[in-house]
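Novice: Below you'll find the structure I mean.
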Amino acid sequence: MRGKKVLFILSLTVLVLFLLVGVFADFLAPCDPNAVDMANGLAAPSTEHWLGTDHIGRDLLSRLIYGSRSSVFIAFFATGCTLLLGMTIGLVSGYLGGWIDQLIQAVVNIFQGIPSAAFVVAILGLLGPGMRSLLIAIVVSSWAGFSRIVRNQVLEIRELHYIEGARAMGGGSFYIMRRHILPNILLPLLVLIATRIGSTVLTVAAMSYLGLGLRAPAADWGIMINDAKLYYVKDFLVLLAPAACLTLFCLSINLIADYLRDCLDHDDGAARML
């Protein structure tokens, strides 16, 4: 457990660094990420360009820094919107039950029956590429998973004695969900959020790579990997740098989720012993 705690701290540090880099990209980037210098394409690392340049002479480090802003913040924002929608629907479905729960679960089954990647591509094909379309596609294709997990947690909690006591004291449905149920499902939600952020970053990169997400010349890790596919033989760093950032971010998120899952299992085991 100590080793996982060390990995958790390191992973959390890496995640915070990515966030800080994204927030302060305007101050940290040494060059304009979209400034083209055709005469200096695929230049080797130097004091002017620390990681070199891409095939049209844009500073690679600056594009990585701005790519952190677009990829990471889209993932966090999309996950937050997905959480809000899925959590609200899951709370209502699990707590109210009856025909409302049956209706909502029928819709959830339909959404979960469609492969997520195909659903995202279909929505982007309908709405067209762009940041707004990408956010809508991710939220629409992901909310059902959040909703089902929240509903299952609510079904376990709503029959406990303290919920019955809150009802007997005149507590309304909204009050009970907000005050008594929601705080007790936060830790499982944190695990799900951490896992979802990693998969959302990969989705953003994949859609940008396919030309369905963010569009060039935007600085995005997926776009950078797509741009590098014809030039990595001449300069492997143009492919390695964005791929390494993407891998490091997703690995950090997965390690954080793994540690939170262990904490959740440990708490459940302690509760059962009591």
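Each residue of the sequence shown is one higher than the last, beginning at 1 in full-length UniProt numbering. The beta-carbon is built from N, C-alpha and C at its ideal position, and this holds for glycine as well.
Once you ignore the five residues that flank F119 on each side, which residues in its own chain have a CB closer than 6 Å to its CB?
Specialist: On the sequence shown, position 119 is the one that residue 119 refers to. Excluding sequence neighbours, F119 sits near S141.
Novice: Alpha carbon to alpha carbon, how far is E159 from I9?
Specialist: Locating residue 159 in the sequence shown gives position 159, counting from the first residue. Locating residue 9 in the sequence shown gives position 9, counting from the first residue. Cα to Cα, E159 sits roughly 37 Å from I9.
Novice: How big is the Cα-Cα spacing for K229 and L237?
Specialist: By 1-based counting over the sequence shown, the position of residue 229 is 229. By 1-based counting over the sequence shown, the position of residue 237 is 237. Distance from the CA atom of K229 to the CA atom of L237, rounded to whole angstroms, is 11 Å.
Novice: Do P129 and L212 count as a contact pair if the criterion is CB distance below 8 Å?
Specialist: Translated into the one-based positions of the sequence shown, residue 212 becomes position 212. Translated into the one-based positions of the sequence shown, residue 129 becomes position 129. Between L212 and P129, the gap from beta carbon to beta carbon is short of 8 Å.
Novice: Where in the segment 151-221 do unbroken runs of the alpha helix (DSSP H), each at least 4 residues long, occur, reported from the N-terminal end onward?
Specialist: 161-168, 173-176 and 186-209
Novice: In whole angstroms, what is the alpha-carbon distance linking R63 and A35?
Specialist: Numbered from 1 along the sequence shown, position 63 holds the residue referred to as residue 63. Numbered from 1 along the sequence shown, position 35 holds the residue referred to as residue 35. Computed Cα separation, rounded: 10 Å.
Novice: Looking only at its chain, what residues have a beta carbon closer than 6 Å to the beta carbon of G90, apart from the 5 residues adjacent to it on each side?
Specialist: Residue numbering aside, residue 90 sits at position 90 when the sequence shown is read from its first letter. The answer, listed in chain order, is S147, V150 and R151.
Novice: Measure the C-alpha to C-alpha separation of R2 and Y259 and round it to an integer number of angstroms.
Specialist: One-based indexing of the sequence shown puts residue 2 at position 2. One-based indexing of the sequence shown puts residue 259 at position 259. One C-alpha to the other measures close to 10 Å.
Novice: Since G198 and C250 should fall inside the 8 Å C-beta cutoff, what is the C-beta to C-beta distance between them, to a whole number of angstroms?
Specialist: Residue mapping note: residue 198 aligns to position 198 of the sequence shown, counting from 1. Residue mapping note: residue 250 aligns to position 250 of the sequence shown, counting from 1. Right, their Cβ atoms sit about 5 Å apart.
Novice: Just to confirm the assignment, what range does the alpha helix (DSSP H) spanning W99 have?
Specialist: What you label residue 99 is simply residue 99 of the sequence shown in a count that begins at 1. That run of the alpha helix (DSSP H) goes G98 to Q112.
Novice: For F18 and C245, I'd like the C-alpha separation in whole angstroms.
Specialist: Here residue 18 refers to the residue found at position 18 when the sequence shown is read from its first residue. Here residue 245 refers to the residue found at position 245 when the sequence shown is read from its first residue. Distance between the alpha carbons of F18 and C245: 9 Å.
Novice: Following the continuous alpha helix (DSSP H) through G125, name the residue where it begins and the one where it ends.
Specialist: Residue 125 sits at position 125 when you count from the first residue of the sequence shown. It spans S116 to L127 - the alpha helix (DSSP H) in which G125 sits, taken as one unbroken run.
Novice: In this structure, does DSSP put T53 in helix, strand or coil?
Specialist: Within the sequence shown, the letter at position 53 stands for residue 53. In this structure, T53 counts as strand in the three-state DSSP scheme.
Novice: Would you verify that the beta carbon of F18 is, or is not, closer than 8 Å to some beta carbon of chain D?
Specialist: Of the protein chains in this structure there is only one, and it is not chain D.
Novice: Around the C-beta of Q153, are 16 or more other C-beta atoms found within 10 angstroms, so that it is buried, or is it exposed?
Specialist: By one-based count along the sequence shown, residue 153 stands at place 153. Per the 10 Å Cβ criterion, buried.
Novice: Assuming contact is defined by CB atoms lying nearer than 8 Å, are S252 and S70 in contact in what I supplied?
Specialist: Here residue 252 refers to the residue found at position 252 of the sequence shown. Here residue 70 refers to the residue found at position 70 of the sequence shown. No. Outside cutoff.
Novice: With burial defined as no fewer than 16 other Cβ atoms inside 10 Å of the residue's Cβ, what is the status of M273: buried or exposed?
Specialist: Residue numbering aside, residue 273 sits at position 273 when the sequence shown is read from its first letter. Confidence is the limiting factor: at M273 the pLDDT is only 32, short of 50, which leaves the residue's position unreliable and the question unanswerable from this model.
Novice: From V16, D26, V14 and I110, pick the residue whose C-alpha is nearest to that of A219; which is it?
Specialist: Sequence index remark: in the sequence shown, residue 219 carries index 219 (1-based). A219 has its Cα closest to that of D26, out of V16, D26, V14 and I110.
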